[in-house]
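Protein chains in written order, with this note's numbering: chain A, 18 to 294; chain B, 18 to 294.
Notes follow once the structure below has been shown.
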């Protein structure tokens with residue numbers, strides 16, 4: 018296949034790196050010429066383009082790794098090869114995918130949306146690697162307009178890139194679960210570090226627990242604001258569920274109710290041990 | 018020095034491993050004979066004892082790595098060498114240290130309390146290693162009854178074990194900062210994973226963010242219940258501070274107030290980048 022990856026950041030860059038040696042003809046599109054030159058020097062792309070107009074017309078698959086709103090702009094402004102597949106890595110799907118499908122409805126191309134659960138807190142091609150995908154989860158979105166064959170093809174395609182698990186689900190189910198597994202942790206990490214009263218030189222008094230819980234507090238403000246707003250209802254529900262548990266725990270501490278507290282700890286321990294079994 | 022480590026779990030075990038090759042005569046005390054045999058086979062202790070009564074009478078330093086309440090029992094029930102140093106790794110200090118000082122007031126030994134910020138979610142000697150201490154933070158507690166010389170000696174002693182930073186502070190200051198950097202993250206991790214409605218097979222839909230934020234949800238219920246209750250007031254304050262930030266963030270999402278949200282993200286990112294500078 019001729020595959021073009023648009024946007025060689027940490028995710029797009031990981032795509033071209035994971036695709037290396039898989040027998041495809043891979044091209045890259047990016048606004049940054051230095052990134053294109055580096056990807057070419059790495060042997061991950063055959064050629065790089067600042068303007069993807071021509072190469073996309075010839076591509077069997079276009080993987081667009083841009084911010085959600087920019088993906089829609091990109092679809093609107095470009096002409097794709099007839100019969101080709103477009104995919105993405107956008108973190109929220111329902112609204113976005115309806116828009117994308119609408120934009121493509123008169124074109125003979127199929128949009129198969131996906132979510133590689135493999136973000137990094139660092140941006141850019143330098144942090145991309147094929148290891149980012151190894152052992153990670155991938156969610157493949159089955160929109161009502163998708164063909165079975167395109168879904169099956171994409172499932173095989175991403176499995177070949179090293180993802181450990183590929184799950185197929187509706188955009189609505191994706192947005193529901195992701196509000197809990199991805200968005201809520203970011204909400205928590207930001208709230209935690211922003212609640213530091215900075216009375217002490219915090220970094221000297223932390224262990225791995227604080228390090229781990231705040232790693233993702235280093236967050237891209239434009240991307241995540243967009244992701245949160247487009248999945249507002251699910252996210253607010255997930256926050257509420259978390260607050261309910263926090264309230265129970267807080268009450269147990271206040272009242273020194275060791276029975277409730279220990280029951281919560283035993284449950285959380287069991288869940289954590291079973292998490293990736 | 019003759020040093021005896023009591024309790025060869027993940028922390029005590031890391032002590033004997035970090036002490037290897039430092040020129041001390043190191044002994045181990047543990048209820049589990051297999052652990053003692055392993056530590057001896059590893060060359061980390063010269064001899065192991067299920068009953069530490071005799072060896073402790075000869076030790077220049079006793080490092081007690083037991084649960085908080087058991088440390089007090091241990092001090093009560095044992096006779097230490099005159100002029101020797103006792104230290105610990107208990108996670109909450111104010112109340113505990115007053116009790117310990119009281120128990121030791123007629124004995125010619127000095128209790129210098131410390132907190133290696135290097136816990137692990139896994140228990141036991143098998144998870145102990147000298148790497149656990151490498152680059153970690155250590156908080157050395159200066160109680161009003163401590164001598165300058167003992168504090169200075171202990172500072173040097175733990176620096177030699179590989180800790181990256183050794184900070185000296187009062188028990189009250191320790192408990193205040195630790196309620197934020199260690200206890201609050203545990204409260205959050207437990208609440209997060211316990212708030213999973215388990216509608217989906219969660220482990221298939223997670224990325225590193227959920228993994229990182231729930232790692233410490235696998236928690237020792239007896240130890241942490243004790244730690245939370247003995248530092249209740251500080252911990253409740255830290256939870257409140259976190260909830261205040263969470264409320265602001267939630268309101269910003271509800272009202273799609275991108276200005277507030279982005280300001281919080283920019284602040285959290287800056288704090289995270291500066292955390293260990």
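We put the beta carbon where it would ideally sit given N, CA and C, even for glycine.
Everything numeric in this text was worked out from a predicted model, so none of it was measured.
**Prompt:** Helix, strand or coil for residue 291 of chain B per DSSP?
**Reply:** As a first step, residue 291 of chain B is located in the second chain; it is residue number 274 there, counting from the start. Here residue 291 of chain B sits in helix by DSSP.
**beta strand (DSSP E) segments (min. 3 residues) lying fully within the region 96 to 168 of chain A** = 102 to 105, 131 to 134, 154 to 158
**Prompt:** Among B/253, B/56, B/112, B/276, which residue has its Cα nearest to the Cα of residue 32 of chain B?
**Reply:** Translated into the one-based positions of the second chain, residue 32 of chain B becomes position 15. Among B/253, B/56, B/112, B/276, the Cα nearest to that of residue 32 of chain B is on B/56.
**Validate contact between the region 148 to 155 of chain A and the region 174 to 181 of chain A using beta carbons, cut 8 Å, 3 pairs** = yes
**For residue 247 of chain B, the three-state DSSP class (helix, strand or coil)** = One-based indexing of the second chain puts residue 247 of chain B at position 230. Coil at residue 247 of chain B, not helix or strand.
**residue 183 of chain A - containing alpha helix (DSSP H), residue span** = Taking the first chain and counting its residues from 1, one reaches residue 183 of chain A at position 166. Looking at the DSSP string, residue 183 of chain A is not in any alpha helix (DSSP H); the run it does join, the beta strand (DSSP E), is 182 to 186.
**Asked** So, are the CB atoms of residue 245 of chain B and residue 283 of chain A less than 8 Å apart?
**Response** Translated into the one-based positions of the second chain, residue 245 of chain B becomes position 228. Translated into the one-based positions of the first chain, residue 283 of chain A becomes position 266. Against a cut-off of 8 Å, the Cβ pair of residue 283 of chain A and residue 245 of chain B comes out as no contact.
**Asked** Relative to the alpha-carbon of residue 108 of chain B, which residue among B/280, B/230, B/203, B/266 has its alpha-carbon at the smallest distance?
**Response** Position 91 of the second chain, counted from the first residue, corresponds to residue 108 of chain B. When each option's Cα is compared against that of residue 108 of chain B, the closest is B/203.
**Message:** Using a Cβ-Cβ distance cut-off of 8 Å, determine whether residue 220 of chain B contacts chain A.
**Reply:** In the second chain, counting from the first residue as 1, residue 220 of chain B sits at position 203. Cβ-Cβ to chain A under 8 Å: yes for residue 220 of chain B.
**Prompt:** Can you tell me where the alpha helix (DSSP H) with residue 30 of chain B in it begins and where it stops?
**Reply:** In the second chain, counting from the first residue as 1, residue 30 of chain B sits at position 13. Looking at the DSSP string, the run of the alpha helix (DSSP H) that includes residue 30 of chain B is 27 to 36.
**Prompt:** Residue range of the alpha helix (DSSP H) that residue 19 of chain A falls in?
**Reply:** Here residue 19 of chain A corresponds to residue number 2 of the first chain, with the count starting at 1. Here residue 19 of chain A belongs to no alpha helix (DSSP H); instead the beta strand (DSSP E) covers 19 to 23.
**Item:** Reduced DSSP category for residue 273 of chain A - H, G, I as helix; E, B as strand; rest coil
**Value:** By 1-based counting over the first chain, the position of residue 273 of chain A is 256. Residue 273 of chain A: coil per DSSP, three-state reduction.
**Prompt:** Is it buried or exposed for residue 230 of chain A, if we count other Cβ within 10 angstroms and need 16 for buried?
**Reply:** The residue labelled residue 230 of chain A in the question sits at position 213 within the first chain. Residue 230 of chain A is buried by the Cβ-count criterion.
**Prompt:** Going along chain B, which residues have a C-beta under 8 Å from residue 203 of chain A?
**Reply:** Here residue 203 of chain A is taken as the residue at index 186 of the first chain, counted from 1. Simply 226.
**Prompt:** Can you name the residues of chain B whose CB is closer than 8 Å to the CB of residue 234 of chain A?
**Reply:** Counted from its first residue, the first chain places residue 234 of chain A at position 217. Chain B residues near residue 234 of chain A: 285, 286, 288, 289.
**Request:** Can you check DSSP and say which residues form a bridge with residue 65 of chain B?
**Result:** Start at 1 with the first residue of the second chain, and residue 65 of chain B comes out as number 48. In the DSSP output, where bridge partners are listed per residue, residue 65 of chain B has B/45.
**Request:** Go ahead and pull the three-state DSSP assignment for residue 236 of chain B.
**Result:** As a position in the second chain, residue 236 of chain B is number 219, starting the count at 1. Looking at residue 236 of chain B - three-state DSSP - the assignment turns out to be coil, as it is neither helix nor strand.
**Message:** For the beta strand (DSSP E) containing residue 2 of chain A, name the first residue and the last one.
**Reply:** Past the edges of chain A, shown from 18 to 294, lies residue 2 of chain A, and the structure says nothing about it.
**Request:** Output, in chain order, the set of chain A residues within a Cβ distance shorter than 8 Å of residue 159 of chain B.
**Result:** Residue mapping note: residue 159 of chain B aligns to position 142 of the second chain, counting from 1. Per Cβ cutoff of 8 Å: no residues; residue 159 of chain B is ~15 Å from chain A at best.
**Item:** Close beta carbons around residue 77 of chain A, own chain, < 6 Å, minus the five adjacent residues each side
**Value:** Taking the first chain and counting its residues from 1, one reaches residue 77 of chain A at position 60. Answer for residue 77 of chain A: 18, 19, 101, listed in chain order.
**Request:** Could you tell me whether the Cβ of residue 42 of chain B comes closer than 8 Å to any Cβ of chain A?
**Result:** Start at 1 with the first residue of the second chain, and residue 42 of chain B comes out as number 25. With 8 Å as the cut-off, residue 42 of chain B does not count as an interface residue toward chain A.
**Request:** Kindly indicate if chain A contains any beta-carbon less than 8 Å away from that of residue 295 of chain B.
**Result:** Chain B is shown from 18 up to 294; residue 295 of chain B falls before or after that span and cannot be answered.
**Request:** At 9 Å on the CB atoms, spell out the chain B contacts of residue 6 of chain A, in chain order.
**Result:** Residue coverage of chain A in this structure runs from 18 to 294, which leaves residue 6 of chain A outside it and unanswerable.
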